[in-house]
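Asker: Mind having a look at this structure? Questions to follow.
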Amino acid sequence: MCGIVGYIGHREAYPIVIEGLRRLEYRGYDSAGIALFDGTDLKICKTKGKVADLEERSDKEITKTGNVGIGHTRWATHGVPNDVNSHPHLSNSGDLVIIHNGIIENYDSLKQELISRGYTFQSDTDTEVLINLIEDVKKQENVKLGHAVQIALNQVIGAYAIAVFDKNKPEEVVVARLGSPLAIGIGENEDEFFIASDASPFLEYTKNAVYLEDEEMAVIRFHKGIKVRKIKDDSLVPTYVQELQLNLEQIEKGGYEHFMLKEIHEQPKAITDTYRGRLLRNEAIIKMAGVEDNMKKFLNANRIIIVACGTSWHAGLVAEYIFEDLARIPVEVEYASEFRYRNPIITENDVLIAISQSGETADTLAAIKLAKSKGAFVFGVCNVVGSSIARETHAGAYTHAGPEIGVASTKAFTTQITVLTLMALRLARAKGTISSSDFRQHLLELEMIPKKVEKALESDSIIKQIADIYKNSTNCLYLGRGYNFPVALEGALKLKEISYIHAEGYPAAEMKHGPIALIDENMPIVVIATKKGHYEKVVSNIQEIKSRKGKIIGIVTEGDVQVKELADHVIEVPETLESLSPLLTTIPLQLLSYHIAVLLNKNVDQPRNLAKSVTVE
306 MCGIVGYIGH REAYPIVIEG LRRLEYRGYD SAGIALFDGT DLKICKTKGK VADLEERSDK
366 EITKTGNVGI GHTRWATHGV PNDVNSHPHL SNSGDLVIIH NGIIENYDSL KQELISRGYT
426 FQSDTDTEVL INLIEDVKKQ ENVKLGHAVQ IALNQVIGAY AIAVFDKNKP EEVVVARLGS
486 PLAIGIGENE DEFFIASDAS PFLEYTKNAV YLEDEEMAVI RFHKGIKVRK IKDDSLVPTY
546 VQELQLNLEQ IEKGGYEHFM LKEIHEQPKA ITDTYRGRLL RNEAIIKMAG VEDNMKKFLN
606 ANRIIIVACG TSWHAGLVAE YIFEDLARIP VEVEYASEFR YRNPIITEND VLIAISQSGE
666 TADTLAAIKL AKSKGAFVFG VCNVVGSSIA RETHAGAYTH AGPEIGVAST KAFTTQITVL
726 TLMALRLARA KGTISSSDFR QHLLELEMIP KKVEKALESD SIIKQIADIY KNSTNCLYLG
786 RGYNFPVALE GALKLKEISY IHAEGYPAAE MKHGPIALID ENMPIVVIAT KKGHYEKVVS
846 NIQEIKSRKG KIIGIVTEGD VQVKELADHV IEVPETLESL SPLLTTIPLQ LLSYHIAVLL
906 NKNVDQPRNL AKSVTVE
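For the sequence shown, counting from 1, position 559 maps to 864 in this note's numbering; every step adds exactly one.
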């Protein structure tokens, strides 16, 4: 959840670490801190607030020299966001310093043991416990830093990505991971090394990176390279250097006011990139290696279980409709956080599809491991190459959304639906549950979706006007039926995430079973009422709302007349097949939440209390 970054080499560390923290701020922005070693001593500056606050404070408090530095941007777990709880944390001696992403679950018992040995603690964090545990092991066992880290980590329970530095051994940094991502960038001549939660902080310096696996640690030595070992048994692990495919343009705003707006507008390209090479319309085939290589697993499955969290869970709900409708395979969609704890019935004849933008979601990873232990076949859908979920699953398919920096997911949702639709169509063709003509029609319509998304984006100015009318609302309802019920849930989530307005999504028919009591002349209700799928039923629901003076914002098919007469406002989207309509109807809902949040002066890209990648429970 937090972001960690570090550097050891021949350059000045401060600008590299600060810029890295800016790029990782999507992972947490409650507080930030930096530690620099100037060849003589450690200089530490940390503060509650954002990286900009850290820069301002460091200008006043520290000299910015030194070729070794580590930094941290925090999403608070243990201890409130304040200066003291900010990372980095020092050991009692002041010799060791640490940054940490994750949670040490048994920190309290370790803390009590350390207190009994004379250690004192300044913060409320589990991280300060860990660095003092490492120091205690180093002293008691009389071992080098790397060995002390290994012994200490074998005593902790929880999740972590850490970087540890000893000012008495300034030529090395020790890193380790379990459940939280960690990448090591390698300079051209192995004369400098970069450490980060993802590769974005070091893209302009190197395209070569090593990704640590769970329960691995590495000792990084200036001019001497990297040694990777297993934490449990100290065995050496071969280092596998990957060439990064990202570029700097992808992680910059590109002239947009916010990353979220940029990513909303990137969706036509992201969807095209996701089906490119997979959807071959002229040949009437879909090519997906992860599906083709495991076709028997899918075709012989008793059911598909989809596990995900947040926006990815909503994409999974859309997939439930698609798989059952087209491929006639029973599907269950589960919150990963609940699935992992409720002793689910899983058999070797089940297929589990895990969906995650980052590929690092802790609960989804735990659900994968549980399903694998029961013999199920596990298929991953994620956006980040080399992520934990990509490595942990038996097979999978990447979305090709490119980096998503805005905390509120947008293009992740539409590209996940695109991948899942391709899978459902391929399986339907293999099972014979879709005719050749319908299959070709789906391929044609899916290929046309990017242009239709571009058309939907043209409603931006109308949506901004509607946003201005309803920006001061305290509650909002979102209604949809069939394929568009999950879109209603997603629309409500977007509004909650970035504007902090309470919103709920419901199946339109469920309105009369409770939510209708909320409706009055001050309540905006967003109704997804496209021509395909239960249209007349949704119109009836709109009439029920109007009779109670509710304010209706209708998401309608181009040229709609009936809803236009009833609704207070309409936003048109192009016509498409019902199964593909979520790819279009979600666009105005993303823009609506965006504009309301901007009008309310909210931090769109960094909404309060949230972080992009939830790598802790």
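The beta-carbon is built from N, C-alpha and C at its ideal position, and this holds for glycine as well.
Values in this document were obtained by computation on a predicted structure and should not be read as measured data.
1. Looking only at its own chain, which residues have a Cβ that is under 8 Å from the Cβ of K474, when we skip the five neighbours before and after it?
2. Is the distance from the Cβ of A667 to the Cβ of G484 below 8 Å?
3. Give me the residue from A772, F790, S617 with the minimum Cα distance to T720.
4. Hey, which unbroken runs of the alpha helix (DSSP H) at 4 residues or more fall wholly within the segment 696-781?
5. Give the range of the beta strand (DSSP E) segment to which A340 is assigned.
6. Which of the three DSSP states, helix, strand or coil, is assigned to S391?
7. In whole angstroms, what is the alpha-carbon distance linking N607 and K799?
8. Residues in the same chain with beta-carbon distance under 6 Å from H394, minus the five sequence neighbours each way, listed in chain order, please.
9. Who are the Cβ neighbours of P755 in its own chain at under 6 Å, not counting the five residues just before and after it?
10. Quick check on H807: buried or exposed, where buried means 16 or more other Cβ atoms within 10 Å of its Cβ?
11. Kindly indicate which three-state DSSP category M828 falls into: helix, strand or coil?
12. What separation, rounded to the nearest whole angstrom, lies between the Cα atoms of N568 and K416?
13. What are the boundary residues of the beta strand (DSSP E) that includes Y928?
14. DSSP state of V478, grouped into three classes?
15. Considering only the beta carbon of each residue, do I536 and A501 sit closer than 8 Å?
16. Take every Cβ of the segment 598-606, pair it with every Cβ of the segment 648-656, and state whether three or more of those distances are shorter than 8 Å.
17. Could you check the C-alpha separation between A632 and Y640 for me, to the nearest Å?
18. Report the partner residues of Q547 according to the DSSP bridge assignment.
19. Given a cut-off of 8 Å on the beta-carbon distance, is the pair L725 and H747 in contact?
20. Roughly how many angstroms lie between the CA atoms of A700 and I694, to the nearest whole one?
21. T378 lies in the alpha helix (DSSP H); which residues open and close that run?
22. In terms of residue numbering, what span does the beta strand (DSSP E) encompassing T862 cover?
23. Measuring only the C-alpha atoms, how far is G311 from D496?
24. Answer yes or no: do G344 and G376 have a C-beta to C-beta separation smaller than 8 Å?
25. Please state whether the Cβ-Cβ distance between L566 and Y899 is less than 8 Å.
26. For the alpha helix (DSSP H) containing F790, list its first residue and its last residue.
27. Just how far apart, CA to CA, sit V268 and A357?
28. Exposed or buried, what is R745 when buried is set at 16 or more other beta-carbons lying within 10 Å of its beta-carbon?
29. Alpha carbon to alpha carbon, what distance is there between H874 and G308?
30. Give me the residue from Y331, A620, G530, L458 with the minimum Cα distance to G492.
31. A337 and L347: beta carbons closer than 8 Å?
32. T378 and E330: beta carbons closer than 8 Å?
33. Inspect the CB distances between the segment 901-909 and the segment 868-888 and report whether three or more fall short of 8 Å.
34. Check whether the segment 809-827 and the segment 861-875 touch, using three or more Cβ-Cβ pairs below 8 Å as the test.
Answerer: The answer reads as follows:
1. The residue you call residue 474 lines up with position 169 of the sequence shown. Correct list, in chain order: K449, L450.
2. Walking along the sequence shown from the start, residue 667 turns up at place 362. Walking along the sequence shown from the start, residue 484 turns up at place 179. It is a contact, given that the beta carbons lie within the stated cut-off.
3. Within the sequence shown, residue 720 is the residue found at index 415, counting from 1. Ranking A772, F790, S617 by Cα distance to T720 puts S617 first.
4. 716-736, 741-762, 765-775
5. What you label residue 340 is simply residue 35 of the sequence shown in a count that begins at 1. Unbroken beta strand (DSSP E) run through A340: 336-342.
6. Taking the first residue of the sequence shown as 1, we reach residue 391 at position 86. Here S391 sits in coil by DSSP.
7. Residue 607 sits at position 302 when you count from the first residue of the sequence shown. Residue 799 sits at position 494 when you count from the first residue of the sequence shown. About 34 Å.
8. Here residue 394 refers to the residue found at position 89 when the sequence shown is read from its first residue. For H394, where only same-chain residues beyond five positions count, the Cβ hits under 6 Å are I403, T432, E433, I436.
9. Locating residue 755 in the sequence shown gives position 450, where the first residue counts as 1. Cβ within range, chain order: P573, I576, T577.
10. Counted from its first residue, the sequence shown places residue 807 at position 502. By the 10 Å Cβ count, H807 comes out exposed.
11. Position 523 of the sequence shown, counting from 1, holds the residue named residue 828. In the structure shown, M828 sits in coil (DSSP, three-state: anything other than H, G, I, E or B).
12. Counting from one through the sequence shown, the residue named residue 568 turns up at place 263. Counting from one through the sequence shown, the residue named residue 416 turns up at place 111. This sequence places Glu at residue 568; Asn is not what is there. Cα to Cα, the separation comes out at about 44 Å.
13. Residue numbering for the chain in the displayed model covers 306 to 922; residue 928 lies beyond these limits and cannot be assessed.
14. Your numbering for residue 478 matches position 173 in the sequence shown. Strand.
15. Locating residue 536 in the sequence shown gives position 231, counting from the first residue. Locating residue 501 in the sequence shown gives position 196, counting from the first residue. For I536 and A501, no; Cβs fall outside 8 Å.
16. yes
17. Here residue 632 refers to the residue found at position 327 when the sequence shown is read from its first residue. Here residue 640 refers to the residue found at position 335 when the sequence shown is read from its first residue. Rounded to the nearest angstrom, the two C-alpha atoms are 23 Å apart.
18. Here residue 547 is taken as the residue at index 242 of the sequence shown, counted from 1. Q547 is bridged to A514.
19. Taking the first residue of the sequence shown as 1, we reach residue 725 at position 420. Taking the first residue of the sequence shown as 1, we reach residue 747 at position 442. It is not a contact, given that the beta carbons lie outside the stated cut-off.
20. If you number the sequence shown from 1, residue 700 lands on position 395. If you number the sequence shown from 1, residue 694 lands on position 389. Spanning the two alpha carbons is a distance of roughly 10 Å.
21. Residue 378 sits at position 73 when you count from the first residue of the sequence shown. That residue, T378, is in no alpha helix (DSSP H); its beta strand (DSSP E) goes 373-379.
22. For the purposes of this step, residue 862 is identified with residue 557 of the sequence shown, where counting begins at 1. Counting along the chain, the beta strand (DSSP E) containing T862 begins and ends at 856-862.
23. Position 6 of the sequence shown, counted from the first residue, corresponds to residue 311. Position 191 of the sequence shown, counted from the first residue, corresponds to residue 496. About 14 Å.
24. In the sequence shown, counting from the first residue as 1, residue 344 sits at position 39. In the sequence shown, counting from the first residue as 1, residue 376 sits at position 71. Against a cut-off of 8 Å, the Cβ pair of G376 and G344 comes out as no contact.
25. Along the sequence shown, read from residue 1 onward, the residue named residue 566 stands at position 261. Along the sequence shown, read from residue 1 onward, the residue named residue 899 stands at position 594. In this structure, Y899 lies closer than 8 Å to L566 by Cβ.
26. Sequence index remark: in the sequence shown, residue 790 carries index 485 (1-based). Per DSSP, F790 belongs to the alpha helix (DSSP H) from 790-804.
27. In the structure as shown, the chain starts at 306 and stops at 922, and residue 268 therefore has no counterpart that could be examined.
28. Residue mapping note: residue 745 aligns to position 440 of the sequence shown, counting from 1. By the neighbour-count rule (16 or more Cβ atoms within 10 Å), R745 is not buried but exposed.
29. Locating residue 308 in the sequence shown gives position 3, counting from the first residue. Locating residue 874 in the sequence shown gives position 569, counting from the first residue. Straight-line Cα distance between these residues: approximately 42 Å.
30. Counting from one through the sequence shown, the residue named residue 492 turns up at place 187. The shortest Cα separation from G492 among Y331, A620, G530, L458 belongs to G530.
31. Within the sequence shown, residue 337 is the residue found at index 32, counting from 1. Within the sequence shown, residue 347 is the residue found at index 42, counting from 1. No.
32. Position 73 of the sequence shown, counted from the first residue, corresponds to residue 378. Position 25 of the sequence shown, counted from the first residue, corresponds to residue 330. Closer than 8 Å, so yes.
33. no
34. no
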